[in-house]
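Taking it in order: structure first as structure tokens, then the write-up.
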Amino acid sequence: MININEFLQNKKEIILNNKTSPEQWHVLLCFDDDYALPAGVNIHSIIKNNADKALHFHLFMQNVSDANKSKIAQLASDLVSLTEYDINDKLQIHTNNTKYFPVSACLRIIAPLIISKDINKLLYVDSDTLCLGSLEQLFNTNLTDQVVAAVPDVENTQKSQCKKFEIEYGNYFNSGVILYNIENWNQLDVTNKALNLLNEGVAYKFPDQDVLNLLLKDKVYYLPRKYNNITVLTVEGNEDLKISDNAIFIHYVSGSKPWFRLYLTPVYQQYINGSPWRDTSLLLANNKSPSTTRRYAKILSNEGKYWRAFLYYTLYLKHKIWKK
């Protein structure tokens with residue numbers, strides 16, 4: 354049995370209103386400093402689109418700077434409470450599963466054991482999602498007989514992962530938006546089982562997502578696509594303007610994240626402007642994923658914009674060398 358509490362270095366509550374609402378909605382985000390800005394923007398988007406609701410955000414953080422913590426604290430209000438959980442480096446995941454995914458991506462697995470048992474439903478959202486609407490219907494989902502509610506992943510992922518893990522086609526879910534029934538989760542000891550799988554040495558393509566799909570077969574309530582609109586941005590493509598009008602969450606997957614200037618969209622800019630990160634200077638592209646800059650250089654070259662293509666290819670080489 355894993356001692357979950359040894360991973361918790363510090364816990365800090367920011368509650369401006371001492372009256373706890375019985376209808377309070379609990380939301381979980383897990384991130385390191387690289388994802389502090391999008392996590393904060395996402396929190397702001399949830400608050401903005403659920404302005405009349407009592408919200409409590411549970412923030413599981415690893416190595417987040419004091420500057421970003423200070424900005425996060427500014428999101429608290431009479432209706433918005435924050436609890437910060439600083440997770441230390443004792444949480445270890447086998448290196449086969451941390452090559453492309455940070456350890457912080459697995460914090461969603463330990464959170465249900467650490468968060469108060471008095472909470473029944475807990476909504477987890479990836480930091481690279483953005484809320485566009487009310488969460489009322491989502492929190493009213495009946496999970497009495499299920500462990501989680503989630504959205505089935507896209508077709509290409511279904512084809513590869515369902516076959517690999519012997520999951521009925523269409524039932525492999527994306528872990529970017531998950532509604533937990535905490536009691537059922539803990540009764541099934543999902544946290545310990547998932548951590549054991551991740552540390553056996555087997556390399557998973559989508560580590561935490563794969564093991565949760567393995568463990569939670571037949572224990573999932575499947576949500577409609579509007580709660581997890583998987584979106585891939587291209588340079589100046591503004592794909593998030595083209596999704597369904599009833600979308601509740603946009604999920605920005607791949608390395609083309611909207612908090613880099615190459616992929617910044619009007620939709621995302623709107624929420625940055627309303628957040629404590631409004632004056633932050635955004636990076637041009639992800640220094641840890643220089644291939645996105647190289648692809649943009651190729652696009653410019655094909656368009657005959659050779660000077661700009663040269664500049665971006667030079668930037669790509671700089672990023673690549675810096676990464677090494």
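Residue numbering for the sequence shown follows our numbering, beginning at 354 and increasing consecutively. Don't be surprised by glycine CBs; every beta carbon is placed ideally from N, CA and C.
- W378 counts as buried, since no fewer than 16 other beta carbons sit within 10 angstroms of its beta carbon.
- A distance below 8 Å between beta-carbons, with the five flanking residues on each side excluded, links N534 to the following residues of its chain, in chain order: N473, K474, L496, T497, Q499, V500 and V501.
- Cβ-Cβ distances below 7 Å link L466 to I357, N539 and T544 in the same chain, with the five nearest sequence neighbours on each side left out; the list follows chain order.
- By the criterion of a C-beta distance shorter than 6 Å, C515 is surrounded in its chain by Y522 and Y525, once the five residues flanking it on both sides are discounted.
- Where V501 is concerned, the enclosing beta strand (DSSP E) starts and stops at V501 to P505.
- Here I446 is near L551, since their CB atoms are less than 7 Å apart.
- Distance from the CA of N581 to the CA of S457, rounded to the nearest whole angstrom, comes to 20 Å.
- A direct Cα-to-Cα measurement between Y388 and N655 gives close to 33 Å.
- Exclusion of the five residues before and after D479 leaves G529 as the residues of its chain whose Cβ lies within less than 6 Å of its Cβ.
- In the three-state DSSP reduction, D387 falls in the helix class (H, G or I).
- A direct Cα-to-Cα measurement between E508 and I596 gives close to 17 Å.
- By the Cβ neighbour-count rule, P611 is buried, with 16 or more other Cβ atoms within 10 Å of its own.
- Here S609 is buried. Its C-beta has 16 or more other C-beta atoms within 10 Å.
- Restricting attention to L615, V564, I367 and K406, the CA atom closest to the CA of K424 is found in I367.
- If you look at E437, you'll find it in the beta strand (DSSP E) that goes V433 to I440.
- Following the DSSP letters along the chain, one finds K658 in no beta strand (DSSP E), marked with neither H nor E.
- Between H411 and Y624, the C-beta gap is not smaller than 7 Å, which leaves the two residues out of contact.
- By a beta-carbon distance limit of 8 Å, V380 contacts L408. Their separation comes to about 6 Å.
- Between L483 and A600, the CB-CB gap reaches or exceeds 7 Å.
- Cβ-Cβ distances below 8 Å link G393 to N421, K424, I425, L428, S628, P629 and W630 in the same chain, with the five nearest sequence neighbours on each side left out; the list follows chain order.
- Using a Cβ distance threshold of 7 Å, N639 and F613 count as a contacting pair.
- Around the beta carbon of Q490, fewer than 16 other beta carbons sit within 10 angstroms, so the residue counts as exposed.
- DSSP lists no beta-bridge partner residue for F559.
- By alpha-carbon distance to N416, the top candidate from N395, L444 and K406 is L444.
- Burial of N403 is indicated by the presence of at least 16 other C-beta atoms within 10 angstroms of its C-beta.
- The Cβ neighbour count for N527, taken over all protein chains shown within 10 Å, is at least 16; the residue is labelled buried.
- Taking the C-beta atoms as reference points, P391 is found no nearer than 7 Å to D506.
- Taking 7 Å as the cut-off, the Cβ atoms of V573 and A503 count as close.
- The shortest C-alpha to C-alpha distance from H604 to any of I531, D542 and V588 is the one to I531.
- Under DSSP, Q415 forms a beta bridge with D385.
- Assignment of beta-bridge partners to I603 by DSSP yields L483 and N582.
- When DSSP states are grouped into helix, strand and coil, K517 belongs to the helix group.
- Beta-bridge partners of W378 (DSSP): L408.
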